[in-house]
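So the sequence lines, in the order shown, correspond to chains C and W.
In terms of our numbering, the numbers along the first sequence are unbroken and rise by one, the last being 649.
In terms of our numbering, the numbers along the second sequence are unbroken and rise by one, the last being 178.
Worksheet: one structure, shown below.
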Amino acid sequence: MDDLASLIERNENWLIKRILHYAKERGYTKYTSTLEEAWRLSISGLSASLIAGIKQFKSPPDFGPDDDLGNDPLTSFGMLSAQRHRRRGVTLAMFLGLMKYYRQSYMDLLYTDSVPREELDKRSHFLHRCFDRIELAFCQEWAGKNKDAVIRELQTASRFMTNEKNAYLTVFESLSDPVIMLNAQDEIINLNNAAARLIDHQPVPGAHYYHPEKMENPVSPGPSVMTGKVGKLYAGKSVLELFPWLSDVMTNIRNELPSEDRLECQAAVEGGERFFEVRHSAMLDVSEKFTATIITLRDITSHKRARDDREQFLRTMSKKNKELQSIVYVASHDLRSPLVNIHGFSAILDEDCRLLYQSIANSDDAELIEKIGPLIHESIPKSLHFIRAGTIKMQSILDGLLQVSRIGTVKIHIEPLDVNEILGDILDAMNFQIQQQEIEITCDTLPACRGDREQINQVLSNLIDNAMKYRDLRRPGHIHISGWAEIDQSIYCVEDNGIGIPARCQERIFEMFHRLDPNGPVRGEGLGLSIISRILDRNHGRIWLESREGIGSKFFVALPYCRHEQARESVQEDRGSKGKATVKAV
Amino acid sequence: MMKQMTILIAEDDDCHYQLAVRYLRRGGISNKIVRFNNGQDVLDYLDKQLSRDTDEVLPYILLLDIKMPRVSGIEILQRIRSDEKPVIKDMSVIILTSSDNPHDVKYCYNLGCNAYVLKSFEREELVDTVNWFLSRSAQEANCNSRQAV
Numbered sequence: 064m065d066d067l068a069s070l071i072e073r074n075e076n077w078l079i080k081r082i083l084h085y086a087k088e089r090g091y092t093k094y095t096s097t098l099e100e101a102w103r104l105s106i107s108g109l110s111a112s113l114i115a116g117i118k119q120f121k122s123p124p125d126f127g128p129d130d131d132l133g134n135d136p137l138t139s140f141g142m143l144s145a146q147r148h149r150r151r152g153v154t155l156a157m158f159l160g161l162m163k164y165y166r167q168s169y170m171d172l173l174y175t176d177s178v179p180r181e182e183l184d185k186r187s188h189f190l191h192r193c194f195d196r197i198e199l200a201f202c203q204e205w206a207g208k209n210k211d212a213v214i215r216e217l218q219t220a221s222r223f224m225t226n227e228k229n230a231y232l233t234v235f236e237s238l239s240d241p242v243i244m245l246n247a248q249d250e251i252i253n254l255n256n257a258a259a260r261l262i263d264h265q266p267v268p269g270a271h272y273y274h275p276e277k278m279e280n281p282v283s284p285g286p287s288v289m290t291g292k293v294g295k296l297y298a299g300k301s302v303l304e305l306f307p308w309l310s311d312v313m314t315n316i317r318n319e320l321p322s323e324d325r326l327e328c329q330a331a332v333e334g335g336e337r338f339f340e341v342r343h344s345a346m347l348d349v350s351e352k353f354t355a356t357i358i359t360l361r362d363i364t365s366h367k368r369a370r371d372d373r374e375q376f377l378r379t380m381s382k383k384n385k386e387l388q389s390i391v392y393v394a395s396h397d398l399r400s401p402l403v404n405i406h407g408f409s410a411i412l413d414e415d416c417r418l419l420y421q422s423i424a425n426s427d428d429a430e431l432i433e434k435i436g437p438l439i440h441e442s443i444p445k446s447l448h449f450i451r452a453g454t455i456k457m458q459s460i461l462d463g464l465l466q467v468s469r470i471g472t473v474k475i476h477i478e479p480l481d482v483n484e485i486l487g488d489i490l491d492a493m494n495f496q497i498q499q500q501e502i503e504i505t506c507d508t509l510p511a512c513r514g515d516r517e518q519i520n521q522v523l524s525n526l527i528d529n530a531m532k533y534r535d536l537r538r539p540g541h542i543h544i545s546g547w548a549e550i551d552q553s554i555y556c557v558e559d560n561g562i563g564i565p566a567r568c569q570e571r572i573f574e575m576f577h578r579l580d581p582n583g584p585v586r587g588e589g590l591g592l593s594i595i596s597r598i599l600d601r602n603h604g605r606i607w608l609e610s611r612e613g614i615g616s617k618f619f620v621a622l623p624y625c626r627h628e629q630a631r632e633s634v635q636e637d638r639g640s641k642g643k644a645t646v647k648a649v
Numbered sequence: 030m031m032k033q034m035t036i037l038i039a040e041d042d043d044c045h046y047q048l049a050v051r052y053l054r055r056g057g058i059s060n061k062i063v064r065f066n067n068g069q070d071v072l073d074y075l076d077k078q079l080s081r082d083t084d085e086v087l088p089y090i091l092l093l094d095i096k097m098p099r100v101s102g103i104e105i106l107q108r109i110r111s112d113e114k115p116v117i118k119d120m121s122v123i124i125l126t127s128s129d130n131p132h133d134v135k136y137c138y139n140l141g142c143n144a145y146v147l148k149s150f151e152r153e154e155l156v157d158t159v160n161w162f163l164s165r166s167a168q169e170a171n172c173n174s175r176q177a178v
């Protein structure tokens, strides 16, 4: 019979389904538990006693008139069940009747196992005797108690039940989120205090449940309890009558759609306008007695206000940012035109001075030459020289500003990049400068990355250009470019043995127009690093450095990682259509 | 007698125009200069000149600013290069502009401009460029006149 025991043990879920099927079919579910867990407990309790019985009895457990019941797992289970169910108010007919269907379920299980007829009969006989034993003990126990004892037992159980019920009713009423229960006709069965507060500015907790006029509560059997203050009656009213703003969720419920994740409703309720996140769920009832739908609301009014404020703020920021960009663009663009004039007419004035000087130089009037000569030959040309220098400087700054602002506005195209190839193009383009300045540049094999080709090209160009500009003239210049891949980033390093950057300046070098030594020999407007910085913002990268004054600098750039193969594919596709573009650093 | 090229200048900014003229004159260029402050006027002028039906049709060289009111310099260039008459289609066009955007440069060359000069230019830049086209046109005119004979 060990096989029988294991058959029972293995098929708990099958048995639960089976007994539920019979219980529904025969109408026992009117009085039984709703949650599947309760049925599981029943089956597992019964199975445990059967398996224990199987283990104890080697042959079918027959019985006789003088048997002392209660000494084996089967009869003790029967007696325990009797005590438990009698207290609950279950009638003998009810219990025994359902037990017959439990027996049937286990019998049905036997037939699912394909064994020879002889074995089947053996098992069937054994199981029947087990159930008989259980029922025997049950009946003896049930009938054993006298009437008074039974009544006392029932009263205790009833008090306990009432307390349980009250506890859960209180939980229901105490929930801070409004909860509304609807029947299949979209009428309100029940609603908690938080829900009532939405339509009644002075709701009484539990008033709905305890309303004397309430028709028989379809949720729990028996008459409604008539105590407490009389509140408004909501039962039977259509939910949309009282909560018209729930129409969206009602549509979903009627169409049997699942509860949406972020369904929001705007509601005009007691106390003003509020926003709710709405969810609905069906009652978890395997006995299918309670076919209510439960609607829960979460008040997100303040949350929503905060969210709306934030969105508004972001929109404003974005708008202001666009305005700023266009101001920079327009300013730097429109300022060019008058500069052209200043620059050009200064040159013309300069030439006019020379012509003037030529004409007075041939004059005989020495006094004239002495008085006017220095003005025309030295003073005025010098002033003009400074004017020209100023305009050239302004043009340079405007060019830089235009370049910087363009980074934010130009269309960006992120793709896998073969950085070795990009570096090759840069070094080719700079070849003349490199030879001329006699700088040695070495590079390792670099990992691929994801980014905009032109912009990443500019980043590397600017870094190398800086390394060349800020070299230490007392020694041969070396620049080394290396790179490695980390989990999700590719890191690149441009290292030089130049003059380095003092620690106190290192934070500021990325600022616009910042120059290490504004009066020094190195040309430039100080925009190269801020351009790099902005490009990296747009390409999901970042830059940092290590530097020691007098020794040299290392600039590190991180960009999103990309597999080398992807970059190679991308290069092969692009060959032919893209030119080698490098942009001069400013 | 060799035909002298007329230099057309399409530039809406007065100061820029005055600057260009002074540079050209001081650089020794004495050809006739005609000024337009928008591109449409250039085309109208050319149509009028050509409809005069003379044998003496002057070759032209055009200094063209991109940013002009109503019709942009780009569009003028396109219409010139797609004209049927060779005098217009093949004329030398020098773009004068403050935009150094590489895309703009490439675009103009693709449309068929002959040169691209950035404002602000030095006097030599403008004069040398114009002289180059003047002399080329003179060579072509020489060949043509020899062939005619």
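Just so it is clear, CB atoms sit at the ideal spot from N, CA and C, and this is done for glycine as well.
Note that the structure is a prediction, hence the values are computed from the model and not measured.
**Message:** Starting from I251/C, trace the beta strand (DSSP E) in both directions and tell me its first and last residue.
**Reply:** For I251/C, the enclosing beta strand (DSSP E) covers residues I251 to L254.
**Request:** Could you check what DSSP says for Y533/C in three-state terms: helix, strand or coil?
**Result:** coil
**Message:** Beta-carbon within less than 8 angstroms of I423/C's beta-carbon, same chain only, minus the 5 sequence neighbours each way: which residues are those?
**Reply:** L431, I432, I435, G436 and I439
**Prompt:** Given 8 angstroms as the limit, is there contact between the segment 516-529 of chain C and the segment 598-607 of chain C, that is, 3 or more CB pairs closer than that?
**Reply:** yes
**Closer than 8 angstroms to chain W by CB, S553/C** = Using a CB distance cut-off of 8 angstroms, S553/C does not count as an interface residue toward chain W.
**Prompt:** So, does the CB of A492/C fall closer than 8 angstroms to a CB anywhere in chain W?
**Reply:** no
**Inter-stretch contact (C-beta, 8 angstroms, three-pair minimum) for the segment 122-134 of chain W and the segment 87-101 of chain W** = yes
**Request:** Within its chain, find whatever has a CB closer than 8 angstroms to the CB of D240/C; leave out the 5 residues flanking it on each side and keep chain order.
**Result:** Within the same chain, D240/C has close Cβ partners A257, T359, L360, R361 and D362.
**Neighbour flag for I411/C against chain W, beta carbons, 8 angstroms** = yes
**Asked** Quick one: is S144/C buried, meaning 16 or more other Cβ sit within 10 Å of its Cβ, or exposed?
**Response** S144/C should be labelled buried.
**Message:** Please confirm whether F449/C has its beta-carbon closer than 8 angstroms to some beta-carbon of chain W.
**Reply:** By this cut-off, F449/C is not an interface position.
**Chain-ordered neighbours of D41/W on chain C, where CB pairs are closer than 9 angstroms** = Near D41/W there are no residues of chain C at all, since even the closest Cβ is about 10 angstroms away, more than 9 angstroms.
**Request:** Compute the Euclidean distance between the alpha carbons of S177/C and L132/C, then round it to the nearest angstrom.
**Result:** In a straight line, the C-alpha of S177/C is about 34 angstroms away from that of L132/C.
**Message:** So for A621/C, helix, strand or coil by DSSP?
**Reply:** strand
**Asked** If you measure from the beta carbon of R54/W to each beta carbon in chain C, is any gap under 8 angstroms?
**Response** Chain C contact via Cβ: absent.
**Under the three-state DSSP convention, the category I475/C falls into** = coil
**Request:** Alpha carbon to alpha carbon, how far is V159/W from M49/C? Give it in angstroms, no decimals.
**Result:** Because chain C in this structure spans residues 64 to 649, residue 49/C falls outside the shown range and cannot be described.
**Request:** Quick one: list the residues of chain W neighbouring V403/C, beta-carbon separation under 9 angstroms, in chain order.
**Result:** D42, C44, H45, L48, S127, K148, S149 and F150
**Request:** Following the continuous beta strand (DSSP E) through M244/C, name the residue where it begins and the one where it ends.
**Result:** V242 to L245
**Item:** Entirely enclosed beta strand (DSSP E) segments - the segment 585-636 of chain C, minimum 3 residues
**Value:** 605-611 and 615-623
**Request:** Please work out which residues of its chain come closer than 6 angstroms, Cβ to Cβ, to L75/W, disregarding the five sequence neighbours upstream and downstream, and give them in chain order.
**Result:** I117
**Message:** Can you check which of these residues, K532/C, N529/C, P623/C and Q500/C, is closest to Y555/C by C-alpha distance?
**Reply:** P623/C
**Message:** Rounded to whole angstroms, what is the Cα-Cα separation between S301/C and Q218/C?
**Reply:** 38 angstroms
**Request:** Can you give me the Cβ contacts of I114/C inside the same chain, cut-off strictly under 7 angstroms, excluding the 5 residues immediately before and after it?
**Result:** A68, I71 and E72
**Request:** Could you tell me whether the Cβ atoms of V482/C and A511/C are closer together than 8 angstroms?
**Result:** yes
**Element boundaries [beta strand (DSSP E), containing Q552/C]** = Q552 to D559
**Message:** So, for K532/C: in the same chain, excluding its five sequence neighbours on each side, which residues have a beta-carbon less than 6 angstroms away from its beta-carbon?
**Reply:** V585
**Asked** Looking at the C-beta of S400/C, does it have a partner C-beta in chain W at a distance below 8 angstroms?
**Response** Closer than 8 angstroms to some Cβ of chain W, the Cβ of S400/C qualifies, so yes.
**Message:** I'd like to confirm something about D462/C: is its beta-carbon nearer than 7 angstroms to some heavy atom of the ligand GTP, or not?
**Reply:** Ligands in the displayed structure: none, and consequently the ligand GTP is not present.
**Item:** Pair within 8 angstroms by beta-carbon distance, R516/C and L480/C
**Value:** Their beta carbons are under 8 angstroms apart, which means R516/C touches L480/C by this criterion.
**Item:** Under 8 angstroms (Cβ pairs) to chain C, residues found in the segment 90-116 of chain W
**Value:** Answer in chain order: no residues at all.
**Message:** Please state the DSSP three-state secondary structure of V122/W.
**Reply:** strand
**Asked** Taking the alpha-carbon positions, what's the R150/C to Y164/C distance?
**Response** 22 angstroms
**Prompt:** Does the segment 117-128 of chain C come close enough to the segment 186-205 of chain C that 3 or more CB-CB pairs lie under 8 angstroms?
**Reply:** yes
**Prompt:** For S110/C, which residues from the same chain have a beta carbon less than 8 angstroms from its beta carbon, with the 5 sequence-adjacent residues on both sides left out?
**Reply:** I71, E72, E75 and L78
**Test: E414/C CB closer than 8 angstroms to a CB of chain W** = yes
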